[in-house]
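Data block below; observations after.
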Amino acid sequence: MTKGVRTMDERIRIELHDGVADVRLARADKMNALDDALFEALRRSGEQLKTLPGLRAVVLSGEGRAFCAGLDTANFAQMAAGGGGAQRLLQGQRTPGGANPPQQAVWVWRELPVPVIAAVHGAAYGGGLQLMLAADLRLVAADARLSVMEIHWGLVPDMGGMVLLRGLVRDDVARELVYTGRVFDGAEALRLGLATRLCADPRAEALALAREIASRPPQAMRAAKRLLDMAAHADAKDLLLAESREQAALIGAPEQVEAVSARLQQRAPKFAD
Numbered sequence: 038m039t040k041g042v043r044t045m046d047e048r049i050r051i052e053l054h055d056g057v058a059d060v061r062l063a064r065a066d067k068m069n070a071l072d073d074a075l076f077e078a079l080r081r082s083g084e085q086l087k088t089l090p091g092l093r094a095v096v097l098s099g100e101g102r103a104f105c106a107g108l109d110t111a112n113f114a115q116m117a118a119g120g121g122g123a124q125r126l127l128q129g130q131r132t133p134g135g136a137n138p139p140q141q142a143v144w145v146w147r148e149l150p151v152p153v154i155a156a157v158h159g160a161a162y163g164g165g166l167q168l169m170l171a172a173d174l175r176l177v178a179a180d181a182r183l184s185v186m187e188i189h190w191g192l193v194p195d196m197g198g199m200v201l202l203r204g205l206v207r208d209d210v211a212r213e214l215v216y217t218g219r220v221f222d223g224a225e226a227l228r229l230g231l232a233t234r235l236c237a238d239p240r241a242e243a244l245a246l247a248r249e250i251a252s253r254p255p256q257a258m259r260a261a262k263r264l265l266d267m268a269a270h271a272d273a274k275d276l277l278l279a280e281s282r283e284q285a286a287l288i289g290a291p292e293q294v295e296a297v298s299a300r301l302q303q304r305a306p307k308f309a310d
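In my numbering, the protein residues as written are 38 to 310.
Structure (structure tokens):
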């Protein structure tokens with residue numbers, strides 16, 4: 038993959054280099070708050086990356102002072118005035134996976150076939166927290182501020198948050214966070230299971246981790262992600278069969294031959310995309 042920059046509207050910046058997509062929310066003056074344009078940019082960017090040749094890992098971060106401060110306050114005012122498009126949540130077109138457009142702005146990052154790493158600093162409130170949870174891994178600053186904040190606005194998490202929370206924390210923990218909407222820091226996020234690890238510089242460490250992942254066999258990496266995604270809901274019988282099918286497709290393929298050869302010869306492997 039060659040290096041380059043692709044901009045979705047003015048809301049998302051994507052830099053591509055050596056198989057890693059560095060995706061940055063670029064609404065820094067509003068702490069990357071989610072407005073309609075950013076929702077659309079997130080959906081379009083994620084869908085574009087799904088089919089990008091040579092993609093091996095993604096880093097998702099926010100420019101400026103925050104990862105994502107949640108829904109733009111202007112949207113809440115529209116809702117209270119009856120103009121928030123509530124019926125669109127039910128009547129609009131849904132993806133094959135069941136998501137409406139706002140949900141897909143988050144869920145598309147879970148659907149990517151390669152590992153996604155969220156680098157979180159500053160605020161990750163409401164929709165911003167749900168976006169963070171869609172990543173495979175979450176590197177978080179110790180002083181980051183996080184909250185399932187929807188209850189303060191008379192709402193519930195509805196961007197995939199309920200699905201994502203249930204796989205990360207105990208039921209009672211999820212309920213306490215949703216019911217109170219309290220703000221907690223990165224250190225507590227780690228204790229609760231919402232953060233993978235704490236970092237002094239989340240984006241720098243996320244990019245380094247993404248480069249490490251990108252150096253691994255790409256087809257094996259995609260197979261591993263498919264199995265891990267399946268593990269969240271499949272029964273043991275189906276998952277055991279899926280393991281066998283994925284492994285059978287990898288054994289003896291050029292990528293696996295190169296991985297073995299490089300390991301035995303103590304050299305860096307060269308994997309074709």
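Just so it is clear, CB atoms sit at the ideal spot from N, CA and C, and this is done for glycine as well. Note that this is a predicted model, so its numbers are computed, not measured.
Anticipated Cβ contact below 8 Å, residue 95 with residue 174, distance rounded: For the purposes of this step, residue 95 is identified with residue 58 of the sequence shown, where counting begins at 1. For the purposes of this step, residue 174 is identified with residue 137 of the sequence shown, where counting begins at 1. Their Cβ separation, rounded to whole angstroms, is 11 Å, which puts residue 95 and residue 174 out of contact at 8 Å.
CB contact below 8 Å: residue 189 versus chain C: No chain C is part of this structure, which consists of one protein chain only.
Alpha-carbon spacing of residue 191 relative to residue 233, whole angstroms: Taking the sequence shown and counting its residues from 1, the one referred to as residue 191 is at position 154. Taking the sequence shown and counting its residues from 1, the one referred to as residue 233 is at position 196. Using only the alpha carbons, I get a separation of about 30 Å.
Proximity of residue 219 and residue 57 at Cβ, strictly below 8 Å: Stepping through the sequence shown from its first residue, residue 219 is reached at position 182. Stepping through the sequence shown from its first residue, residue 57 is reached at position 20. Cβ atoms of residue 219 and residue 57: not closer than 8 Å.
First through last residue of the beta strand (DSSP E) which encompasses residue 51: Here residue 51 corresponds to residue number 14 of the sequence shown, with the count starting at 1. First-last of the beta strand (DSSP E) with residue 51: 49-54.
Nearest-angstrom Cα separation, counted from residue 141 out to residue 158: Position 121 of the sequence shown, counted from the start, is the residue given in the question as residue 158. Position 104 of the sequence shown, counted from the start, is the residue given in the question as residue 141. The alpha-carbon atoms of residue 158 and residue 141 are separated by roughly 23 Å.
Buried versus exposed, by CB contacts within 10 Å (16 or more), residue 109: Taking the sequence shown and counting its residues from 1, one reaches residue 109 at position 72. Per the 10 Å Cβ criterion, buried.
Identity of the residue in 283, 73, 180 and 143 nearest residue 224 by Cα: Start at 1 with the first residue of the sequence shown, and residue 224 comes out as number 187. Per the Cα distances, 180.
Cβ neighbours of residue 178 in the same chain (closer than 6 Å, five flanking residues each side left out): What you label residue 178 is simply residue 141 of the sequence shown in a count that begins at 1. Only 158, 223 and 239 meet the Cβ criterion.
Continuous alpha helix (DSSP H) assignments of at least 4 residues falling wholly in the segment 113-196: 123-128, 138-148 and 164-170
Contact check, residue 69 vs residue 103, beta carbons under 8 Å: The residue labelled residue 69 in the question sits at position 32 within the sequence shown. The residue labelled residue 103 in the question sits at position 66 within the sequence shown. Against a cut-off of 8 Å, the Cβ pair of residue 103 and residue 69 comes out as a contact.
Given 8 Å, three or more beta-carbon pairs between the segment 151-171 and the segment 191-203: yes
Residue 151 versus 138, 100 and 84, residue with shortest Cα-Cα distance: Mapped onto the sequence shown, residue 151 falls at position 114. Taking only the C-alpha atoms, the option nearest residue 151 is 84.
Where residue 254 falls, given that 16 or more other Cβ within 10 Å makes a residue buried: Counted from its first residue, the sequence shown places residue 254 at position 217. Under this definition residue 254 is a buried residue.
Close-in-space but distant-in-sequence residues of the same chain around residue 206 (CB under 8 Å, 5 per side omitted): Counting from 1 along the sequence shown, the entry for residue 206 is found at position 169. Taken in chain order, the residues that qualify are 214, 229, 230 and 231.
Selection from 211, 138 and 172 that minimises the alpha carbon distance to residue 81: Counting from one through the sequence shown, the residue named residue 81 turns up at place 44. Ranking 211, 138 and 172 by Cα distance to residue 81 puts 138 first.
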